[in-house]
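See below for the structure under consideration.
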Amino acid sequence: MSPARVCTAAEAAALVRQRDAVGVPLGPGQPTTFLHALGERDDWEELVVHGALLIDLYAVFTKPGVKLRTGFMGPAERFLLASGADVQFVPADFRRFSLVAERIAPRVVATAASAIDADGYLSLSLHAGATIDELRRAGAHPDRLLVVEANVRLPRTYGVEPLYPHRIHIDEIDVLVESDVQPFVLPDAPVTEAEEAIARHASAFIHDGCTIQTGIGGVPSMIATLLADGPGGDYGVHSEMFTNGLMRLHKAGKVTNRRKLIHEGYSVATFAAGTLDLYEWLDDNPDVRFLPVDQVNDPAIVAANKDMVTINGALLVDLNGQVAADTIGHSQYSGIGGHEDFIAMSGFQLEDRALVCLPSASEVNGELLPRIVADLPMGTSVTTPRHHVDVVITEFGAAELAGLSVRERARALAEIAHPDFRDELHEAATTR
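For the sequence shown, my numbering gives the first residue as 2, with consecutive numbering after it.
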């Protein structure tokens, strides 16, 4: 292998052909400076970028001839789509992103990484995800191009040697771009009264020694706060996303990871997003390990943890227990992610619990709309099927669905619905 060519972002962008395919990781793994440099060009004929959950409004996606194919629609994708950009959603859960990347095999693969260490390695920092194998394949192939943006502000994080080293050597890289841009910051979302009530109901399912998975948003943040301030502890962490709340749980001395039956002794995640304090805490911290998503999100591996409790959100739940977490009608709102994987694991061990948390209603344009509904709106895709769903929680309580008949499930869900819609849902439940 020859040493990497050190380039400016503009020089690296110039190596992308007018008709080309570029692959980038989800969210925090994206090479920001390189993507912005692509936006300085106006000569694109057909540039297809494969990624997920953009962390910035990259100008390249506003250019004629540029297409974004995304596995997760975030605020940036929704804004670009509404502005007329060519943004197309590719359905796949996060665990299968690696297979999608291998099948597509974009000619150019680009990622963010930390600065080079004394041995010539760059940590993949905040993202292990689904692209690690494709990075190495691109770097090893003579007709493909691996671009790595080494950012001195990104934390150096760890994998699990020898199978999952979470780093790449300078000799595996074709083009190295050096940068010092501030990492993507995701502050804690404000917690509403309803979310606080949901968090309290959810916390009742978590006891000493549980292994926990939490996602993004006010409810997981509040749950982590309650656990950090509460009397319990000895928790483990096995989570797709590592968050500010999980850091607080560590700092409170509540995480030991000693009771886990897999990956004992350290917390596991596949990516991290949060505040600069989180990134500083993660830097050179062996208490958290980053593994590929096909390991972190495998339901059998998740269920192998001791007393696993997973906490995920939803947009809508119908009286059958079907969960819509990524679409509203025909509109793609977010993505599938690891939703089904972390909920499905509760069917493998009696002690494991999967919590789906959502407010009972939301106000949209001054109108109160239910989120526990008799039937999903026409065109809405089911993210997680009814037979995988264990517990649904709103601010009005928890409906434990596993083992209930269809009618019993409908009645249990109607009981935790918003009072304004409860009577009509009870009536609908009688027809199940």
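Built from N, CA and C at the ideal position, the CB exists for glycine as well. Just so you know, these numbers come straight off a predicted model, no measurement behind them.
Classified as buried, Arg70 has 16 or more neighbouring CB atoms from the shown chains inside 10 Å of its CB. Contact between Asn306 and His239 holds, with the beta-carbon distance rounding to 5 angstroms and staying under 8 angstroms.
Within the region 197–264, the complete beta strand (DSSP E) runs of at least 3 residues fall at 212–215.
For Ile329, DSSP records a beta bridge to Ser332. For Leu155, there is no enclosing alpha helix (DSSP H), as DSSP marks it with neither H nor E. When DSSP reads this structure, Phe291 sits in a beta bridge with Ala270. Beta-bridge annotation (DSSP): Ser363 is paired with Leu370.
The three-state reading of DSSP puts Gln296 in helix, counting H, G and I together.
The shortest C-alpha to C-alpha distance from Val294 to any of Gly24, Asp57, Arg96 is the one to Arg96. In the three-state scheme derived from DSSP, where H, G and I count as helix and E and B as strand, His419 is classed as coil. For Asp134, the uninterrupted alpha helix (DSSP H) run begins and ends at 133–141, by DSSP. About 5 angstroms separates the beta carbon of Val392 from that of Leu356, a gap short enough to meet the 8 angstroms contact definition.
When secondary structure is reduced to three states using DSSP, Arg168 falls in the strand class. By the Cβ test, the region 146–164 is not in contact with the region 80–89, since fewer than three Cβ pairs between them sit closer than 8 angstroms.
Distance from the CA of Tyr165 to the CA of Leu292, rounded to the nearest whole angstrom, comes to 6 angstroms.
Contact between Phe349 and Ala403 does not hold, since their C-beta atoms are separated by about 12 angstroms, which reaches or exceeds 8 angstroms. With respect to the C-alpha of Gly237, the residue from Val269, Gly216, Asn245 having the closest C-alpha is Val269. Leu283 and Thr132 have their C-alpha atoms spaced approximately 21 angstroms apart.
Taking all protein chains shown into account, Val149 has 16 or more neighbouring C-beta atoms within 10 Å of its C-beta and is therefore buried.
When Cβ pairs closer than 8 angstroms are counted between the two stretches, the region 29–37 is seen to touch the region 110–124, the count reaching three or more. Around the beta carbon of His419, a 10 Å sphere encloses 16 or more other beta carbons of the protein chains shown; the residue is thus reported as buried.
Contiguous beta strand (DSSP E) elements confined to the region 56–129 occur at 67–71, 87–90, 109–114, 122–124, taking only those with 3 or more residues. In the three-state DSSP reduction, Val407 falls in the helix class (H, G or I). The region 200–215 makes no contact with the region 176–183, as fewer than three CB pairs between them are under 8 angstroms. Beta-bridge annotation (DSSP): Tyr280 is not paired with any residue. DSSP links Ala399 through a beta bridge to Ile394. In terms of Cα proximity to Pro287, the closest of His264, Gly275, Thr276, Ala198 is His264. In this structure, Gly66 sits away from Ala93, with a CB-CB distance that is not shorter than 8 angstroms.
Between Gly314 and Gly218, the C-beta gap is smaller than 8 angstroms, which places the two residues in contact. A distance below 8 angstroms separates the beta carbons of His128 and Gly28. Within the same chain, Cβ atoms closer than 6 angstroms to the Cβ of Leu187 are found at Ala274, Gly275, the five residues on either side in sequence being excluded. Per DSSP, Ile312 is one residue of the beta strand (DSSP E) stretching across 309–314. Within its own chain, the residues whose Cβ lies closer than 6 angstroms to the Cβ of Ala413, once the five positions on either side in sequence are excluded, are Ala400, listed in chain order. Taking C-beta atoms as the reference points, Asp342 and Tyr334 fail to come closer than 8 angstroms. With 16 or more other Cβ atoms inside 10 Å of its own Cβ, Pro371 counts as buried. Secondary structure of Gly275 (DSSP, three-state): coil.
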